[in-house]
Amino acid sequence: MSACHETSHGHAPSQPSGAEPERYRFFSIKLHRLISYREDGAVYVRDVCSDWVRTRAPADTDAIKAERFERAALAITNLPAWARSITDLPTMTEIERWSTDSVVEATDGEEVEPDGHSSDGAPSWLLALGMI
1 MSACHETSHG HAPSQPSGAE PERYRFFSIK LHRLISYRED GAVYVRDVCS DWVRTRAPAD
61 TDAIKAERFE RAALAITNLP AWARSITDLP TMTEIERWST DSVVEATDGE EVEPDGHSSD
121 GAPSWLLALG MI
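What the sequence shown shows, in full-length UniProt numbering, is residues 1 to 132, in sequence order.
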């Protein structure tokens, strides 16, 4: 049995508990994590083994909030389409199954080889999460 928290991959995206409405959500290729910017300027991060963790407190001023949103918007424009479209992460059960299969799911849902990419260029989840 996995020690990691199961997510709702393929269902409604998970949300940080008690957080303000979401402004931006995207997958960070560098961090291999899901990032959520909230309307109050708070920033949350989640990986496949954890719930949402707040990494930035709500912004103290409108200027700080605007700067955070500007950085997020810039980061998003530099991401490939597959990373911008991710709204949730797979479960550890799925990842454990894929780690022993010869066919896995790409981030866009297409079946690919574990170290492969879909016809649209989306990597396998194992690649996207930095597991291979």
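Using N, Cα and C, we set each Cβ at its ideal position, and we do this for glycine too.
Have a look at 110, 103, 119 and 98 and flag the residue whose alpha-carbon is nearest the alpha-carbon of residue 131.
For residue 131, the nearest C-alpha among the options comes from 98.
Can you tell me whether DSSP reads residue 39 as helix, strand or coil?
When DSSP states are grouped into helix, strand and coil, residue 39 belongs to the coil group.
What do you reckon, are the CB atoms on residue 95 and residue 125 nearer than 8 Å?
yes
To the nearest angstrom, how far is it from the Cα of residue 22 to the Cα of residue 113?
34 Å
Can you round the beta-carbon distance between residue 59 and residue 65 to whole angstroms, since I take them to be within the 8 Å contact cut?
4 Å
Shortest alpha-carbon distance to residue 185 belongs to which of 49, 93 and 121?
Any question about residue 185 goes unanswered here, given that the chain covers just 1 to 132.
Measure from the alpha carbon of residue 102 to the alpha carbon of each residue in 115, 48 and 57, then state which is nearest.
115
Just to confirm the assignment: which complete alpha helix (DSSP H) runs, minimum length 4, are found wholly within the region 76 to 118?
Listed in chain order, they are 81 to 85 and 92 to 98.
Residue(s) in a DSSP beta bridge with residue 48:
Answer is none; residue 48 lacks a bridge partner.
May I ask which residues mark the beginning and end of the beta strand (DSSP E) holding residue 55?
Per DSSP, residue 55 belongs to the beta strand (DSSP E) from 53 to 56.
Check whether the Cβ atoms of residue 25 and residue 42 lie closer than 8 Å to each other.
no
Could you compute how far the alpha carbon of residue 56 sits from the alpha carbon of residue 44?
Residue 44 has its alpha-carbon roughly 7 Å from the corresponding atom of residue 56.
Could you have a look at residue 20 and say whether DSSP puts it in helix, strand or coil?
coil
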